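So the sequence shown is residues 1 to 275, counted in the UniProt record's numbering. For each residue, glycine too, the CB sits at the ideal point set by N, CA and C. It should be emphasised that the depicted structure is a prediction, and the values quoted were computed from it without experimental measurement. Remarks on the structure that follows.
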Amino acid sequence: MRLSNQTLRVIQSNALDDHTVHTKSQWTAAVDLLEQAVKARLKDVNQSITSSFGPGWVEQWTRWRKRTAEQDARLQTAQEIENLLISLPKPSAHINQDDLTTIRRNLQARNVPVTDKIVRETWEPLVQRFYLERSLFACQECRKGFYYYQHGFLNTSFNKSSNANEQISNAAEHSRLRKDSLSSDFPDCREVILFSRLNRMMNATSNALRQQIMNDEARRLEHYVKQALNELSNDPIRVKKLITGKRVQLAEDLSRTRHIQEKLEEFIAALKASE
Numbered sequence: 001m002r003l004s005n006q007t008l009r010v011i012q013s014n015a016l017d018d019h020t021v022h023t024k025s026q027w028t029a030a031v032d033l034l035e036q037a038v039k040a041r042l043k044d045v046n047q048s049i050t051s052s053f054g055p056g057w058v059e060q061w062t063r064w065r066k067r068t069a070e071q072d073a074r075l076q077t078a079q080e081i082e083n084l085l086i087s088l089p090k091p092s093a094h095i096n097q098d099d100l101t102t103i104r105r106n107l108q109a110r111n112v113p114v115t116d117k118i119v120r121e122t123w124e125p126l127v128q129r130f131y132l133e134r135s136l137f138a139c140q141e142c143r144k145g146f147y148y149y150q151h152g153f154l155n156t157s158f159n160k161s162s163n164a165n166e167q168i169s170n171a172a173e174h175s176r177l178r179k180d181s182l183s184s185d186f187p188d189c190r191e192v193i194l195f196s197r198l199n200r201m202m203n204a205t206s207n208a209l210r211q212q213i214m215n216d217e218a219r220r221l222e223h224y225v226k227q228a229l230n231e232l233s234n235d236p237i238r239v240k241k242l243i244t245g246k247r248v249q250l251a252e253d254l255s256r257t258r259h260i261q262e263k264l265e266e267f268i269a270a271l272k273a274s275e
């Protein structure tokens, strides 16, 4: 019987409902999965940024290519944006008007005319790279943080809508003080918990599907074997042809030899008894 979509949803839901990382191996697997996803996305973003700047110095010299005026403007805009991002702890995904004005003024002072569209289009991938690099650094920090997670030092809690609002409100001040005292010492590893749940869900789903495939193949093989045996049972000539060969002939000769030897032993015993 095949797994239904509802059954798969139940399996996946049960795996996702567990918000706890039970072993260090699960923690490491989640960090590896998160790091792999971040690196893949960071690679795509870097390629997009590089392509928007046109050929680099090596390509310009080796392939005799040159940047267009727009590509050069994007490159210098990116330099201004990166200088600005250093002073912003949490930059917005979309540039605000104040930052836009600041960047355009700095570029105008360098005689680089740019439009608002170029600044916005350059801002977004650079901010994505900023957060991806920060996430990659957090992965490296969280990789060695399972011990602290077990003892409740890491920030791994998500916002949940539950009936515990009263307890949260009563402990709000204590939680705030605790977070303030620990936030600078321990990394934020909530993404590791999320990817651990995703990893568990994928493993549970793949195991269920793998078991289903094995069961289907076993039933199919059993059907073919039964069908082949039924065909052989109705064709004695074919059976005889299949079971003939050197090994079969040798086994038959050994059986006949053993039978003759037993008869000889009985004959010798009978002669001795008659004497």
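Cβ neighbours of G54 within its own chain (closer than 7 Å, five residues either side excluded): R67, T68, Q71. For the options E266, D18, V31, the alpha carbon positioned closest to that of R143 is the one of V31.
By the neighbour-count criterion, in which a residue is buried when 16 or more other Cβ atoms sit within 10 angstroms of its Cβ, I103 is buried. If you ignore the 5 residues before and after D216, its C-beta comes within less than 7 Å of no other C-beta in its own chain.
If you ignore the 5 residues before and after P125, its C-beta comes within less than 6 Å of the C-beta of V45, S48, I49, all in its own chain and listed in chain order.
Taken atom to atom, the span from the alpha-carbon of V225 to that of L232 is near 11 Å. Scanning N83, A138, T101, I193 for the CA closest to the CA of L16 turns up I193. Pairing P89 with E141, the inter-Cα distance amounts to about 18 Å.
Fewer than three Cβ pairs drawn from the segment 107 to 120 and the segment 18 to 33 lie within less than 8 Å of each other, which leaves the two stretches out of contact.
For the pair of segments examined, the segment 104 to 116 was found not to touch the segment 17 to 24: the number of CB pairs separated by less than 8 Å stays below three. One Cα belongs to L271, the other to Q261, and the distance between them is close to 15 Å.
Taken through DSSP and simplified to helix, strand or coil, D18 comes out as coil. DSSP assignment within the segment 73 to 130 yields the following whole alpha helix (DSSP H) runs of 4 residues or more, N-terminal first: 97 to 109.
Between L100 and L42, the C-beta spacing is not below 8 Å.
Here DSSP, grouped into helix, strand and coil, assigns E275 to coil. Assigned with DSSP and collapsed to three states, I260 falls in helix.
In this structure, DSSP gives R220 a helical state, which the three-state scheme calls helix.
Counting along the chain, N234 sits inside no alpha helix (DSSP H), nor does DSSP assign it H or E at all. Here R74 is buried: its Cβ has 16 or more other Cβ atoms, across all protein chains shown, within 10 Å. In the DSSP assignment, I49 falls within the alpha helix (DSSP H) that extends over 24 to 53.
Of the residues assessed, I237 falls on the exposed side of the cut-off, its CB having fewer than 16 other CB atoms within 10 angstroms. With respect to the C-alpha of D188, the residue from A218, R210, Y148 having the closest C-alpha is Y148.
If you check the CB distance, K24 and F146 come in under 8 Å. The criterion of a C-beta distance shorter than 8 Å is satisfied by F130 and P91.
Spatial neighbours of A204 in its own chain (CB-CB distance under 8 Å, excluding positions within 5 residues in sequence) are listed in chain order as I11, Q12, N14, A15. Note on R200: 16 or more other CB atoms within 10 angstroms of its CB, so buried under the neighbour-count rule.
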